[in-house]
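Trainee: Structure incoming, see below.
Residue numbers (the numbering used here): 198 to 327.
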């Protein structure tokens with residue numbers, strides 16, 4: 198792990214970086230006491246004039262996702278307000294991403310259709326809840 202990322206986020210030990218999203222990085226972590234593996238969406242606070250708006254947007258997103266309960270949507274376990282970061286702690290789903298699957302060749306049509314249906318059902322569920 199590089200020095201860019203904290204080694205610990207609240208009670209979670211950071212194990213790896215999974216990716217980068219629109220609002221920050223996604224890390225794999227482990228709760229130090231319970232041993233639960235989680236995904237941590239980490240947003241670094243900025244010193245810009247719109248920091249308050251960005252922080253509230255991240256907080257609002259955490260609250261909205263925390264209300265969702267669907268098998269294709271990662272469950273929210275925790276939300277942390279830290280001095281330099283905001284963190285949304287999510288169920289770790291594993292399995293990699295579609296780009297990882299494509300490395301070995303094309304995804305079979307039946308699998309592609311199944312993934313698309315699950316994604317569409319999750320989006321529909323989330324859309325119905327605002």
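Just so you know, even glycine gets a beta-carbon here, dropped at the ideal spot from N, CA and C.
(1) Mapping DSSP to helix, strand and coil, what is residue 249?
(2) Sorted by chain position, which residues of the same chain lie with C-beta nearer than 8 Å to residue 227's C-beta, five sequence neighbours on each side aside?
(3) Return the CA-CA distance between residue 199 and residue 214, expressed in angstroms with no decimal places.
(4) Terminal residues of the continuous beta strand (DSSP E) containing residue 213?
(5) Given this structure, state the Cα-to-Cα distance separating residue 271 from residue 244, to the nearest angstrom.
(6) Go ahead and pull the three-state DSSP assignment for residue 226.
Mentor: By the coordinates alone:
(1) helix
(2) 209, 210, 212, 233, 234, 235
(3) The predicted model places residue 199 with a pLDDT of 45, which falls under 50 and marks its position as unreliable; any figure quoted below should be read in that light. The alpha-carbon atoms of residue 199 and residue 214 are separated by roughly 9 Å.
(4) 209-218
(5) 30 Å
(6) strand
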